[in-house]
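Since the structure comes first, as structure tokens, the remarks are kept for the end.
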Amino acid sequence: MSLLAQKYQLSAPIVQAPMAGVSTVELATAVTRAGGIGSLGLGHLDIETARAHTQALKLATDGPINVNFFCHQPETQNLERELHWLYLLTPYFNEFDSAPPSSLGKGYDSAWQNPALIQMLCEEKPTIVSFHFGLPEPSAIIQLKAAGIDIWGCATSLAEAKFLEQSGVDAIIAQGIEAGGHRGLFNPLIESELSLTSLLGQLHQHIHLPLIAAGGVMTGAQVAAVQLQGADLAQLGTAFIACPESAADSAYRAALLSQRAYDTAITPVISGRPARGLRNRMHTEIAALIADLPAYPVAYNAAKALHQVASAAENYDFAAHWAGQGAPLARALPATDLFNQLRTEYIHAKQRLEA
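Residues 131 to 485 in our numbering are what the sequence shown spells out, letter by letter.
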């Protein structure tokens, strides 16, 4: 067993990824009770709602839990650019006899310079707090560690990993280009296209912290494989989307379990930051308008509004159906059953490697 698996007393070195809008208390509970680390993506929620979800997960299990927050440095809103973006999207709204919203609002808050959020976390004391798009300010790191909370940060490159290590995190999530959902880039204009294998190779050589491998991992054998490459744990997201405990709607599940799973792509036009999902008209048509894209997360409000009117007409061409390159291997199983299968596959793979 790896260091982190021993520390958290895991039966298999598996973390269920914290997917905002998809992960639920029920899903995270099932994974933690089965012997993994269940996670909640809470970055899209206000502080008190995030507190309520954290408390519900703590009440449901005594095992290790991870709560995750976005840590982007907010940009100043450009109202003129936002209105122009809505103008460009108007023909797509018109397809559904609708019109775009009159404005986009401000989007959700960041964990960056958010003392009220840090205070809430120090009060609730989840086992792990993980951050995407960077880290909060140093004083927040000091507070969280003083509260006995482990801190994980996400890196897509060696440079980001070095920053995380110097900032005092306890472990690093190594996110390969294969991963579904948002790229963990600190700066969305500087893309790292490293595969998980390449990234793990660099980090294993230069970083002296435990690594959690993320990106395209869907089977227990793949969990064993990333451990061979230097990872302590593997973080699986897409693998758990088809579980009945997730919040994915029926259209999302159907797409994930169809031939469409073989075609994923990264685009920033859905939210304002690069993210991988099942390819649709956001990737093939609206991506052509990228020069006028508003900043993250404000742009996301436009995509959500368009998806809302389209889905009301049972059209899902504009959905944010996040999925990694391993999507064709998704299994529609209860989370406990899936975790048990993953554990069995992992054990068998380890036995073969050691034979």
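Each residue gets a CB set at the ideal place from its N, CA and C atoms; glycine is no exception.
Here the structure is a predicted model, which is why all the values come from computation and not from measurement.
Exercise. Which whole-angstrom value is the C-beta distance of residue 327 and residue 359, which I expect to be below 8 Å?
Worked result: The C-beta distance from residue 327 to residue 359 rounds to 6 Å, short enough to meet the 8 Å contact threshold.
Exercise. So what does DSSP say about residue 422, is it helix, strand or coil?
Worked result: Helix at residue 422.
Exercise. So residue 334 is in the alpha helix (DSSP H); what residue range does that whole segment cover?
Worked result: Bounds of the alpha helix (DSSP H) holding residue 334 are 326-336.
Exercise. From residue 336 to residue 291, what distance separates their C-alpha atoms?
Worked result: The C-alpha of residue 336 lies about 9 Å from the C-alpha of residue 291.
Exercise. Touch check for the region 204-214 and the region 419-430: three-plus C-beta pairs under 8 Å?
Worked result: Counting Cβ pairs under 8 Å, three or more are found: they touch.
Exercise. Can you give the beta carbon distance from residue 145 to residue 365, rounded, assuming they're within the 8 Å contact cut?
Worked result: A Cβ-Cβ distance of about 4 Å is found for the pair residue 145 and residue 365, placing them in contact under the 8 Å criterion.
For this session: Would you mind reading off the limits of the beta strand (DSSP E) that contains residue 171?
Result: Element bounds for residue 171: 168-171.
Problem set entry | Other residues of its chain near residue 242: CB distance less than 6 Å, five sequence neighbours each side excluded | Around residue 242, the same chain offers 201, 203 and 266 as residues with beta carbons nearer than 6 Å, after the five sequence neighbours per side are excluded.
Exercise. What's the C-alpha gap between residue 474 and residue 316?
Worked result: Those two C-alpha atoms are separated by around 36 Å.
For this session: With DSSP as the reference, label residue 285 as helix, strand or coil.
Result: Reduced to three states, the DSSP call for residue 285 is strand.
Exercise. Any idea if residue 483 is buried or exposed, counting beta-carbon neighbours within 10 angstroms, 16 or more meaning buried?
Worked result: Per the 10 Å Cβ criterion, exposed.
For this session: Between the Cα of residue 155 and those of 143, 169, 142 and 147, spot the shortest distance and give me the residue it belongs to.
Result: Looking at the Cα atoms, 169 is the closest of the given residues.
Problem set entry | Residue nearest to residue 368 in terms of C-alpha spacing, selected from 463, 245, 256 and 131 | Considering only alpha carbons, the answer is 463.
Exercise. So, helix, strand or coil for residue 431, using DSSP?
Worked result: In the structure shown, residue 431 sits in a helix (DSSP, three-state: H, G or I).
Problem set entry | residue 286 to residue 374 span [Cα, whole Å] | When rounded, the distance between both Cα atoms is 30 Å.
Exercise. Should residue 392 go down as buried or exposed, given a rule of 16 or more other Cβ atoms within 10 Å for buried?
Worked result: Residue 392 comes out exposed.
Problem set entry | Host beta strand (DSSP E) of residue 271 (start-end) | DSSP places residue 271 in no beta strand (DSSP E) but in the uninterrupted alpha helix (DSSP H) bounded by 268-276.
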